[in-house]
Every structure is written in structure tokens, then in C-alpha cells.
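Chemist: With my numbering applied, the sequence shown covers -9 to 174. Every residue gets a Cβ at the ideal spot worked out from N, C-alpha and C, and that includes glycine. One structure coming up, written as C-alpha cells, with questions to follow.
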Amino acid sequence: MEHKGTKILKTQRLVLRPFTTADAGAMFENWANDKEVTKFLTWTPHRNVEETRALLAVWEEESKRPDVYHWAITLQDEVIGDLALVAVRGENAHTGYCLSRKFWGKGIMSEAYAEVLRYLFEEVGFHRIESSHAVNNPASGRVMEKCGLHYEGTMRKAFRLLSTGEWEDIVYRAVLEEDYFDRK
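What follows is the structure, encoded as C-alpha cells:
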């Protein structure tokens, strides 16, 4: 495995690239302030664009490291989502993602996620990519299924939603490099 960091990736419709502080306005408007988008996430909606800009300053600096993988999902030059390796442990990684609500149900996240998996397995050399989603967020699970992640189990009441304080069951899924290459 050779860490290569957040390289620019392109699909038929999308460009995935590192975030910059210039993305603050679009990120805030498109998803960071949206209670529906952040309902199942590990952070609460941003209160203002300055909060978003401060976070992006950190992400912009981090993106210079070869062991950081964090993409802005762009469609026709508009920043509409976020996809990242939120934890890297050796040759294994856990992914997280979110997308502007106005782009839900259009196959955009599956397209972006599939390209990131291609890059992580074919170019970087990861062994295992995993992710998780709340049971009450099945659309996120469908993205994972479409991209070849296998169901591994459900942890009962494993995450307390910041949005409501309620406990959620969390579904875990993963794809191994052999699974990925067997699908090709």
C-alpha cells in the first residue's frame, strides 16, 4: 500500500477534489446547515458560514498530507457533498459521506463512492473499506450495497443522534479488496 492522499478524481458527471475555504458558502448552503442532511451524522448543522469556513481551513491544510483522503463532491463546479475516510487503520479504512438534499436519489453518491473505491483499491492498495449507517437511514445503506459493501452486522443502539438524543441501531458493511476485484 502506498498512501497518495486526496487526488482529483473524475466520473461521468462529477469531479471529486480537495476542499478549499472558498467552498464555505456552497457547503453551508447546500448541506452543512441542513437538519435533514445532518440528522444521522456525527455533527450538528452549522450555525453560520464562518463555522463552515473555519472547518474548511482545517480540512484544506489536512488535505496536503498523503494519508488524508477527503473529497468535495462537485457537479458542474458546484460543491454538493463530502466523502472521506474518517478513520484509517493500517490498510483498512472507514468512510463517511453526506450530500446536499436537492441531489438525493439521483445516483450521485453511488457514483462518487464507486470512484473513491476504485482509487483506494486500484491505486492506493487498501485491503478493506467499511462504512456504517443508521437503521433509519436506509438510503445510505443502498449506496453501500450498490458499491459492493457486504452486510456485516447491526450494533444495537450504538449511536446517539445529536439531532434528537435518540439511540440508533447502526448497520456495518464492508468490502475487501478481493470482493472488489472479483466484481470487476
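Would DSSP call D24 helix, strand or coil?
Modeler: In the structure shown, D24 sits in coil (DSSP, three-state: anything other than H, G, I, E or B).
Chemist: For M99, which of E113, V125 and A129 has the nearest alpha-carbon?
Modeler: Ranking E113, V125 and A129 by Cα distance to M99 puts A129 first.
Chemist: Between the alpha carbons of R146 and V27, how many angstroms are there, rounded?
Modeler: In a straight line, the C-alpha of R146 is about 22 Å away from that of V27.
Chemist: Please state whether the Cβ-Cβ distance between R118 and A164 is less than 8 Å.
Modeler: Yes, the Cβ-Cβ distance between R118 and A164 is below 8 Å.
Chemist: Where S153 and N126 are concerned, what is the direct C-alpha to C-alpha distance, given to the nearest angstrom?
Modeler: So the alpha carbons of these two residues sit roughly 13 Å apart.
Chemist: Does any heavy atom of the ligand MG sit closer than 7 Å to the C-beta of H84?
Modeler: The ligand MG is not among the ligands present in this structure, which contains no ligands whatsoever.
Chemist: According to DSSP, A186 sits in a beta bridge with which residue or residues?
Modeler: Residue 186 lies beyond the residue range present for the chain, which begins at -9 and ends at 174; the question has no answer from this structure.
Chemist: Do L45 and T10 have their CB atoms nearer than 8 Å?
Modeler: In this structure, T10 does not lie closer than 8 Å to L45 by Cβ.
Chemist: Measure from the alpha carbon of L4 to the alpha carbon of each residue in A104, S121 and H123, then state which is nearest.
Modeler: Closest by alpha carbon: A104.
Chemist: So, with DSSP's three-state summary, where would you put F93?
Modeler: Note: F93 maps to helix in three-state DSSP.
Chemist: Tell me where the beta strand (DSSP E) around L6 begins and ends.
Modeler: Note, L6: beta strand (DSSP E), L4 to R7.
Chemist: Please tell me whether E142 and L151 are closer than 8 Å, where the distance is taken between their beta carbons.
Modeler: Not in contact: E142 and L151 (Cβ atoms no closer than 8 Å).
Chemist: How far does the alpha helix (DSSP H) with F171 in it reach, from first residue to last?
Modeler: It spans E167 to R173 - the alpha helix (DSSP H) in which F171 sits, taken as one unbroken run.
Chemist: For H84, which residues in the same chain have their Cβ closer than 6 Å to its Cβ, ignoring the five residues on either side in sequence?
Modeler: Excluding positions up to five away in sequence, the list reads V76, A77 and E120.
Chemist: By DSSP, does S130 sit in helix, in strand, or in coil?
Modeler: Three-state result, S130: helix.
Chemist: Short check: CB of W61 to CB of L6, under 8 Å?
Modeler: Yes; because the gap between Cβ atoms is below 8 Å, this pair is in contact.
Chemist: Compare the Cα-Cα distances from P8 to each of G131, A22 and L73 and report the closest residue.
Modeler: Taking only the C-alpha atoms, the option nearest P8 is L73.
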